[in-house]
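If you use this note's numbering, the sequence shown corresponds to residues 191 to 238, in order.
Ideal Cβ placement from N, Cα and C applies to all residues, glycine included.
A short write-up of the structure that comes next.
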Amino acid sequence: GLWLIDNANLEEITQACAERNRYEFMLTLGPLRLRNITGSPVNPVALF
Numbered sequence: 191g192l193w194l195i196d197n198a199n200l201e202e203i204t205q206a207c208a209e210r211n212r213y214e215f216m217l218t219l220g221p222l223r224l225r226n227i228t229g230s231p232v233n234p235v236a237l238f
């Protein structure tokens with residue numbers, strides 16, 4: 191499937207990147223574990 195993330199608040203990730211002097215990371219999106227659905231809220235996680 192295709193995940194679309196609109197209106198993302200990027201201030202915290204910008205600060206974390208500046209503190210680490212790293213601007214590349216892996217972004218994962220953890221959906222809720224529900225049955226028989228076509229969409230779900232997600233929990234975004236950035237791994238440095």
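Would you kindly report the start and end of the unbroken beta strand (DSSP E) that includes Ala236? To locate residue 236, count along the sequence shown from 1; it is residue 46. Run containing Ala236: 232 to 237, per the beta strand (DSSP E) assignment.
Verify whether the separation of the beta carbon atoms of Pro221 and Val235 is less than 7 Å. Taking the first residue of the sequence shown as 1, we reach residue 221 at position 31. Taking the first residue of the sequence shown as 1, we reach residue 235 at position 45. It is not a contact, given that the beta carbons lie outside the stated cut-off.
On the DSSP letters alone, give me the boundaries of the beta strand (DSSP E) that Thr228 sits inside. Here residue 228 refers to the residue found at position 38 when the sequence shown is read from its first residue. Here Thr228 belongs to no beta strand (DSSP E), and DSSP marks it neither H nor E.
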